[in-house]
Amino acid sequence: MKILILGLPGSGKTTQIDSLSEKYGFVPIRMGNILREIAGQGGETGDKIKSIMASGELVDDGTVAKLIKEEAIKTDDNFVMEGYPRTVKQIELFDPGFDKVFYLEVPIEVVKDRMKGRGRADDSDGAIEKRVQVQMEDMEHILDYYKNVLVKVDGTLPIEEVFKTIEDNLR
Ligand code: AMP
């Protein structure tokens, strides 16, 4: 099964993916982690990706589409993904053909507060504002594109309830 968890940064995607992966064995594929790993390796590509991530801008569509395709192939179509696609262009370059797409809906102010509490290196106030702004613009298009397999979940509910809703929709 190919699952996508959508939501603004700080909407609780990571927690839900951990649970889905643990309970059902879906392979977690996290775009942000793949990029952070490459950034950590340094070199020309790594340094470039690192500075883009620090600014809150998006890494170019061609690069992320290629990276995610390589990961998806490895899992034998049994994965739960986050962080990709972030733009319509990315969908055009590589659409994994998700069976289910879950959108964790959380008010924008809550998203910002949660991110500030996370304290990650690329989570400066400026980077947070920028990331939320960029993602809001693209999210509407992505939600529309996947409307036939989309399930919207209230991301302000307790973690267990969000998980239960996701589980119920996998059957
Ligand atoms: P995340 O961990 O998902 O919050 O991603 C952290 C940063 O990685 C983002 O601010 C972007 O710079 C970059 N990034 C993650 N996913 C993508 C993507 N699908 N397309 C472009 N850039 C991305």
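For the sequence shown, this note's numbering begins at 15 and goes up steadily by one.
C-beta atoms are modelled at their ideal positions from N, C-alpha and C, and glycine is treated no differently.
7 Å CB neighbourhood of residue i in its chain, flanking five on each side removed
i: S33; result: F177
i: D91; result: K16
i: I63; result: L49, I52, A53, V73
i: G169; result: G21, S25, G26, L118, E119, V120, V176
i: K37; result: none
Cβ neighbours of residue i in the same chain (closer than 8 Å, five flanking residues each side left out)
i: I105; result: P99, I156, Y159
i: D137; result: M129, K130
i: V125; result: L22, P23, G24, S25, V146
i: I122; result: L22, V146, M150
Proximity below 7 Å, CB of residue i to CB of residue j
i: R44; j: G97; result: yes
i: L18; j: M67; result: no
i: F93; j: V167; result: no
Close beta carbons around residue i, own chain, < 6 Å, minus the five adjacent residues each side
i: L164; result: V115
i: G46; result: G97
i: G70; result: A141, K144, R145
i: V102; result: H155
Pairwise C-alpha distance: residue j and residue i
i: L184; j: T29; result: 17 Å
i: K83; j: P110; result: 8 Å
i: I31; j: I142; result: 22 Å
i: D152; j: L107; result: 15 Å
i: Q149; j: E181; result: 26 Å
i: S65; j: G57; result: 12 Å
i: E85; j: G39; result: 16 Å
Any non-hydrogen atom of the ligand AMP within 6 Å of residue i CB
i: Y98; result: yes
i: G46; result: yes
i: V78; result: yes
i: L49; result: yes
i: M129; result: no
i: M67; result: yes
i: V124; result: no
i: V41; result: no
i: R132; result: no
i: L72; result: yes
i: P121; result: no
i: P23; result: yes
Answer yes if the segment 76 to 83 comes into contact with the segment 129 to 144, meaning at least three C-beta pairs across the two stretches below 8 Å, and no otherwise.
Contact between the segment 129 to 144 and the segment 76 to 83 is absent, because fewer than three Cβ pairs lie under 8 Å.
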